[in-house]
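Below is one structure, written out as C-alpha coordinates; the observations come after it.
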Amino acid sequence: CKSLTSFKGLNITKLLGDFSCCNCSKLTSLVGAPQIVIGEFQCWSCDSLRSLEGAPEKVESNFNCSHCNNLTSLVGGPVEVDRYICSYCDKLTSLEGAPEIHNDNYFDASNCPSLVSVKGLPDDLYAIDLTGCNSLKAFDELPKGLSTLYVSIESKDIVKDLQCVIRYYDDNGFEVNVI
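Here it is in C-alpha coordinates:
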(Lines of atoms letter the chains of each structure in order from A and count residues from 1; the text may use other names and numbers.)
(Lines give C-alpha, C1' and ligand atoms only; values in the text may rest on other atoms or scores of the structure.)
Protein backbone atom coordinates (compact mmCIF):
# COMPACT_ATOMS: atom_id res chain seq x y z
CA CYS A 1 0.00 0.00 0.00
CA LYS A 2 3.02 2.26 -0.39
CA SER A 3 1.36 4.17 -3.27
CA LEU A 4 -2.25 4.26 -1.94
CA THR A 5 -3.46 7.85 -1.48
CA SER A 6 -7.22 7.39 -0.85
CA PHE A 7 -10.13 4.94 -0.85
CA LYS A 8 -12.22 6.80 -3.43
CA GLY A 9 -14.17 4.29 -5.49
CA LEU A 10 -13.93 1.48 -2.90
CA ASN A 11 -17.74 1.39 -2.45
CA ILE A 12 -17.90 -0.87 0.62
CA THR A 13 -20.45 0.43 3.10
CA LYS A 14 -20.33 -2.42 5.63
CA LEU A 15 -17.40 -4.78 6.09
CA LEU A 16 -17.68 -8.07 7.98
CA GLY A 17 -14.10 -8.53 9.12
CA ASP A 18 -10.98 -6.48 9.78
CA PHE A 19 -9.77 -3.56 7.64
CA SER A 20 -6.10 -2.67 7.58
CA CYS A 21 -4.33 0.12 5.75
CA CYS A 22 -1.18 0.35 7.84
CA ASN A 23 2.16 1.84 6.75
CA CYS A 24 0.52 3.62 3.82
CA SER A 25 2.92 6.54 3.75
CA LYS A 26 1.05 8.39 0.95
CA LEU A 27 -2.50 7.90 2.29
CA THR A 28 -3.91 11.41 2.81
CA SER A 29 -7.60 10.66 3.36
CA LEU A 30 -9.91 7.99 4.77
CA VAL A 31 -12.79 9.20 2.59
CA GLY A 32 -14.26 6.16 0.85
CA ALA A 33 -13.37 3.70 3.65
CA PRO A 34 -16.16 1.38 4.85
CA GLN A 35 -18.61 3.19 7.16
CA ILE A 36 -19.35 0.16 9.35
CA VAL A 37 -16.64 -2.36 10.23
CA ILE A 38 -17.61 -5.51 12.13
CA GLY A 39 -14.04 -6.13 13.25
CA GLU A 40 -10.93 -3.99 13.65
CA PHE A 41 -10.05 -0.87 11.66
CA GLN A 42 -6.30 -0.30 11.55
CA CYS A 43 -4.77 2.77 9.90
CA TRP A 44 -1.58 3.15 11.92
CA SER A 45 1.71 4.54 10.64
CA CYS A 46 0.13 6.55 7.84
CA ASP A 47 2.39 9.59 8.00
CA SER A 48 0.55 11.67 5.37
CA LEU A 49 -2.80 11.32 7.16
CA ARG A 50 -3.70 14.67 8.75
CA SER A 51 -7.40 14.06 9.47
CA LEU A 52 -9.75 11.19 10.32
CA GLU A 53 -12.50 12.58 8.07
CA GLY A 54 -14.06 9.66 6.22
CA ALA A 55 -13.21 7.07 8.88
CA PRO A 56 -15.89 4.46 9.65
CA GLU A 57 -18.78 5.72 11.76
CA LYS A 58 -18.90 2.46 13.69
CA VAL A 59 -16.15 -0.08 14.46
CA GLU A 60 -17.17 -3.15 16.45
CA SER A 61 -13.69 -3.77 17.85
CA ASN A 62 -10.46 -1.73 17.95
CA PHE A 63 -9.94 1.50 16.02
CA ASN A 64 -6.21 2.12 15.78
CA CYS A 65 -4.75 5.27 14.24
CA SER A 66 -1.52 5.25 16.25
CA HIS A 67 1.83 6.41 14.84
CA CYS A 68 0.13 8.83 12.41
CA ASN A 69 2.67 11.56 13.01
CA ASN A 70 0.81 14.36 11.20
CA LEU A 71 -2.61 13.73 12.75
CA THR A 72 -3.60 16.80 14.80
CA SER A 73 -7.21 16.02 15.75
CA LEU A 74 -9.65 13.13 16.24
CA VAL A 75 -12.51 15.07 14.62
CA GLY A 76 -14.08 13.08 11.80
CA GLY A 77 -13.14 9.74 13.32
CA PRO A 78 -15.56 6.99 14.36
CA VAL A 79 -18.61 7.84 16.43
CA GLU A 80 -18.76 4.42 18.09
CA VAL A 81 -15.98 1.89 18.84
CA ASP A 82 -15.09 -0.78 21.42
CA ARG A 83 -11.50 0.36 22.02
CA TYR A 84 -9.72 3.46 20.68
CA ILE A 85 -5.96 3.70 20.17
CA CYS A 86 -4.33 6.92 19.00
CA SER A 87 -0.94 6.55 20.69
CA TYR A 88 2.33 7.94 19.35
CA CYS A 89 0.66 10.67 17.27
CA ASP A 90 3.33 13.36 17.60
CA LYS A 91 1.18 16.33 16.51
CA LEU A 92 -2.09 15.39 18.23
CA THR A 93 -3.01 18.35 20.47
CA SER A 94 -6.60 17.60 21.49
CA LEU A 95 -8.94 14.66 22.07
CA GLU A 96 -11.95 16.59 20.74
CA GLY A 97 -13.90 14.28 18.47
CA ALA A 98 -13.26 11.16 20.57
CA PRO A 99 -16.02 8.60 20.06
CA GLU A 100 -18.49 6.86 22.31
CA ILE A 101 -16.73 3.71 23.47
CA HIS A 102 -18.58 0.46 24.19
CA ASN A 103 -17.69 -2.85 25.86
CA ASP A 104 -13.99 -2.32 26.66
CA ASN A 105 -14.36 1.40 27.49
CA TYR A 106 -10.60 1.87 27.07
CA PHE A 107 -8.90 4.83 25.38
CA ASP A 108 -5.16 4.90 24.65
CA ALA A 109 -3.64 8.27 23.80
CA SER A 110 -0.24 7.44 25.27
CA ASN A 111 2.98 9.02 24.04
CA CYS A 112 1.38 11.95 22.26
CA PRO A 113 3.93 14.64 23.20
CA SER A 114 1.90 17.60 21.83
CA LEU A 115 -1.35 16.70 23.62
CA VAL A 116 -2.36 19.67 25.79
CA SER A 117 -6.03 18.93 26.57
CA VAL A 118 -8.16 15.93 27.53
CA LYS A 119 -11.38 17.82 26.77
CA GLY A 120 -13.77 15.90 24.55
CA LEU A 121 -13.50 12.41 26.01
CA PRO A 122 -16.75 10.43 26.38
CA ASP A 123 -18.25 10.18 29.88
CA ASP A 124 -18.49 6.39 29.88
CA LEU A 125 -14.75 5.64 29.80
CA TYR A 126 -13.45 3.06 32.27
CA ALA A 127 -9.73 3.60 31.66
CA ILE A 128 -7.49 5.98 29.75
CA ASP A 129 -3.75 5.78 29.13
CA LEU A 130 -1.99 9.16 28.99
CA THR A 131 1.54 7.99 29.77
CA GLY A 132 4.16 9.98 27.88
CA CYS A 133 1.81 12.93 27.27
CA ASN A 134 4.14 15.31 29.05
CA SER A 135 2.58 18.52 27.66
CA LEU A 136 -0.57 17.84 29.70
CA LYS A 137 -0.55 20.12 32.74
CA ALA A 138 -4.18 19.74 33.89
CA PHE A 139 -6.60 16.86 34.06
CA ASP A 140 -9.78 18.72 35.06
CA GLU A 141 -11.71 17.70 31.93
CA LEU A 142 -11.51 13.93 32.56
CA PRO A 143 -14.73 11.88 32.28
CA LYS A 144 -16.73 11.73 35.52
CA GLY A 145 -17.03 7.93 35.61
CA LEU A 146 -13.35 7.21 34.97
CA SER A 147 -12.03 4.32 37.05
CA THR A 148 -8.35 4.08 36.01
CA LEU A 149 -5.94 6.68 34.65
CA TYR A 150 -2.44 5.77 33.47
CA VAL A 151 0.01 8.68 33.56
CA SER A 152 3.75 9.27 33.36
CA ILE A 153 5.68 9.32 36.59
CA GLU A 154 6.24 13.07 36.05
CA SER A 155 2.45 13.66 36.22
CA LYS A 156 1.68 11.64 39.34
CA ASP A 157 1.68 14.69 41.65
CA ILE A 158 -0.65 16.69 39.36
CA VAL A 159 -3.33 14.00 39.41
CA LYS A 160 -3.15 12.80 43.02
CA ASP A 161 -6.46 14.47 44.01
CA LEU A 162 -8.57 12.81 41.30
CA GLN A 163 -11.28 10.37 42.32
CA CYS A 164 -10.01 7.35 40.38
CA VAL A 165 -7.17 4.84 40.51
CA ILE A 166 -4.02 6.50 39.21
CA ARG A 167 -1.30 4.25 37.83
CA TYR A 168 2.13 4.82 36.37
CA TYR A 169 5.10 2.64 35.53
CA ASP A 170 8.26 2.93 37.61
CA ASP A 171 11.81 2.85 36.22
CA ASN A 172 11.71 -0.95 36.17
CA GLY A 173 8.45 -1.10 34.21
CA PHE A 174 6.31 -2.11 37.19
CA GLU A 175 2.80 -0.70 37.51
CA VAL A 176 2.40 1.49 40.62
CA ASN A 177 -0.84 2.80 42.13
CA VAL A 178 -0.78 6.38 43.39
CA ILE A 179 -2.65 6.55 46.69
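Residue numbering for the sequence shown is 13 to 191, as defined by our numbering. A virtual CB, placed ideally from N, CA and C, is assigned to each residue, including glycine.
* Please check the pair residue 94 and residue 116, which I expect to be a contact at CB under 8 Å, by giving their CB distance rounded to whole angstroms. => Position 82 of the sequence shown, counted from the start, is the residue given in the question as residue 94. Position 104 of the sequence shown, counted from the start, is the residue given in the question as residue 116. About 5 Å separates the two Cβ atoms, so the contact holds.
* Among residues of its own chain, excluding the 5 on either side of residue 199, which ones have a beta-carbon nearer than 6 Å to its beta-carbon? -> This structure cannot speak to residue 199, because the chain is shown only from 13 to 191.
* Asked: Can you tell which of 28, 34, 56, 39 has its C-alpha closest to the C-alpha of residue 19?
  -> Taking the sequence shown and counting its residues from 1, the one referred to as residue 19 is at position 7. The residue with the shortest Cα to Cα distance from residue 19 is 39.
* To do: Give the secondary structure of residue 95 by DSSP, where H, G and I count as helix, E and B as strand, and everything else as coil.
  => Counted from its first residue, the sequence shown places residue 95 at position 83. In this structure, residue 95 counts as strand in the three-state DSSP scheme.
* Measuring CA to CA, which of 114, 111, 163, 60 is closest to residue 14? -> In the sequence shown, counting from the first residue as 1, residue 14 sits at position 2. Cα-wise, what sits closest to residue 14 is 60.
* CB of residue 130 within 8 Å of CB of residue 153, strictly -> Along the sequence shown, one-based indexing puts residue 130 at 118. Along the sequence shown, one-based indexing puts residue 153 at 141. Cβ distance < 8 Å, so residue 130 and residue 153 count as in contact.
* Asked: Which two residues bound the contiguous beta strand (DSSP E) that contains residue 112?
  -> Position 100 of the sequence shown holds residue 112. That run of the beta strand (DSSP E) goes 112-120.
* Asked: Which residues bound the beta strand (DSSP E) around residue 139?
  -> Position 127 of the sequence shown, counted from the start, is the residue given in the question as residue 139. Residue 139: member of the beta strand (DSSP E) spanning 139-141, first to last residue.
* To do: Counting only the same chain and skipping the five closest in sequence on each side, list residues whose C-beta sits under 7 Å from that of residue 43.
  => As a working mapping, residue 43 is identified with position 31 in the sequence shown. Shown here for residue 43: same chain residues with a beta carbon closer than 7 Å to its own, the five before and five after excluded, namely 18, 19, 20, 65, 66 in chain order.
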